Amino acid sequence: MQNKTLRIATRKSPLALAQTNYVQKKILSLYPEIKIKLVPIVTHGDNILNKSLSKIGGKGLFIKELEYALLENKADIAIHSMKDLPVNITKELCLVSICKRGDALDALVSNHYKSINQLPKGAVVGTSSLRRQCQLITYRPDLIILPLRGNIETRIAKLDKGQYDAIILATEGLNRLRLKNRITQVIPAELSLPSCGQGAIGIQSRLHDKKILFFLSQLNHNNTLLEINTERAFCRQLESGCQIPIGSYAILKKNKIWLRGLIGSPNGKIILKGERIGWYNTGEKMGYSLAKELLNNGAKNILNNLYKNHSYYI
Numbered sequence: 001m002q003n004k005t006l007r008i009a010t011r012k013s014p015l016a017l018a019q020t021n022y023v024q025k026k027i028l029s030l031y032p033e034i035k036i037k038l039v040p041i042v043t044h045g046d047n048i049l050n051k052s053l054s055k056i057g058g059k060g061l062f063i064k065e066l067e068y069a070l071l072e073n074k075a076d077i078a079i080h081s082m083k084d085l086p087v088n089i090t091k092e093l094c095l096v097s098i099c100k101r102g103d104a105l106d107a108l109v110s111n112h113y114k115s116i117n118q119l120p121k122g123a124v125v126g127t128s129s130l131r132r133q134c135q136l137i138t139y140r141p142d143l144i145i146l147p148l149r150g151n152i153e154t155r156i157a158k159l160d161k162g163q164y165d166a167i168i169l170a171t172e173g174l175n176r177l178r179l180k181n182r183i184t185q186v187i188p189a190e191l192s193l194p195s196c197g198q199g200a201i202g203i204q205s206r207l208h209d210k211k212i213l214f215f216l217s218q219l220n221h222n223n224t225l226l227e228i229n230t231e232r233a234f235c236r237q238l239e240s241g242c243q244i245p246i247g248s249y250a251i252l253k254k255n256k257i258w259l260r261g262l263i264g265s266p267n268g269k270i271i272l273k274g275e276r277i278g279w280y281n282t283g284e285k286m287g288y289s290l291a292k293e294l295l296n297n298g299a300k301n302i303l304n305n306l307y308k309n310h311s312y313y314i
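The following block contains the structure:
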């Protein structure tokens, strides 16, 4: 990649820029001679802050403009949070690599309470994630859950102003912004199963850019790749988006993958869970198999009710 200027499309949020800086350092460690130019982009999802993602088109709103930059040759690669990247990628584009995953779990942030169990009855918790809402309301139906949008700093500022007793954020997002000290509790997966791909960074490029694909594939972290592909297979079979509470979390250890998955109704009245354990090279098959099991056990009804009745949201 001598004498090459690599154009990187990224969102403008502090977290997105922190993730891009992480990838930039990885690239320069492999190819110190390369020049890097950032292409900051404001996405549609960044501009709409008064509605929940489930009602305006889902997480794909955070990546479309970055994909356009690739398709229009205004950038060579785009950096995404893997949890924001839809399971079905635009056909002219591809996922070049997935970097080593950080902490995949959710975090409770509060100024007064040390854990979900310590929250008093009627405490106000901020999150716009249907996945988090569904699981939290099932575990603690006595809590009041209110929407919370904006970047991480904005959300924490709302907490500090007293608008919420606690908020739920992604642990790794706080870590990347050096806000680990704000974490009150890393929530166990048993209480809040993470979103597919949470805690990992993905690099996207054009499918025909063979040089880019070859050189940047070296940034792949194989264990993370296997875990994420397993989770995405589960979500792909369910054809999931932000409109339905879905969690999937795979852990690779000693050549075996442990996959946990769930789907629920947005009001938390129904949650279907399952898990699989298998060899590392069967992850995607496990994902499809677990999704089919949940579909047969009632997930089809949840999905059908959602698409027929928009009042199904809480």
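Numbering of the sequence shown is given in UniProt numbering, commencing with residue 1 and proceeding in unit increments. We treat Cβ as the ideally placed atom computed from N, Cα and C, and that holds for glycine. As the structure is a computational prediction, the values presented were derived from the model and not from experiment.
Taking C-alpha positions only, ALA107 is separated from LEU169 by approximately 5 Å. Collapsing the DSSP output to three states places TYR249 in a strand. The stretch 137–183 is shown to contain whole beta strand (DSSP E) runs of 3 or more residues at 144–146, 166–170, in chain order.
Annotation: PRO40 is outside any alpha helix (DSSP H); the continuous beta strand (DSSP E) that includes it extends over 35–41. Spatial neighbours of ILE212 in its own chain (CB-CB distance under 7 Å, excluding positions within 5 residues in sequence) are listed in chain order as ASP76, ILE77, VAL96, SER205. Under the criterion of beta carbons closer than 8 Å, LYS83 and SER192 do not qualify as touching, at roughly 13 Å. When secondary structure is reduced to three states using DSSP, GLN185 falls in the strand class.
Counting along the chain, no alpha helix (DSSP H) covers ALA9; the unbroken beta strand (DSSP E) around it starts and ends at 5–11. In terms of Cα proximity to ASN296, the closest of ILE251, ALA250, PHE62, GLN237 is GLN237.
ALA291 carries a helical assignment under DSSP once its states are collapsed to helix, strand and coil. Assignment of ASP103 by DSSP, reduced to helix, strand and coil, places it in the coil class. Segment contact: the stretch 109–128 against the stretch 154–169, three or more CB-CB distances shorter than 8 Å; contact assigned. Check the Cα spacing between LEU93 and each of PRO40, HIS208, LYS256: the tightest is with HIS208. For SER97, the enclosing beta strand (DSSP E) stretches over residues 93–98.
Under the 8 Å Cβ criterion, the stretch 65–73 does not count as touching the stretch 176–191, having fewer than three qualifying pairs.
The Cβ neighbour count for THR5, taken over all protein chains shown within 10 Å, is under 16; the residue is labelled exposed. Taking all protein chains shown into account, GLY162 has fewer than 16 neighbouring C-beta atoms within 10 Å of its C-beta and is therefore exposed. By the Cβ-count criterion, VAL42 is exposed, with fewer than 16 other Cβ atoms from all chains shown falling within 10 Å of its own Cβ.
Assigned with DSSP and collapsed to three states, VAL23 falls in helix. One alpha carbon belongs to LYS12, the other to THR20, and they sit about 10 Å apart. For GLY274, the three-state secondary structure derived from DSSP is strand.
Ranked by Cα distance from LEU303, the options TYR113, THR224, GLY264 are led by GLY264.
GLU172 counts as buried, since no fewer than 16 other beta carbons sit within 10 angstroms of its beta carbon.
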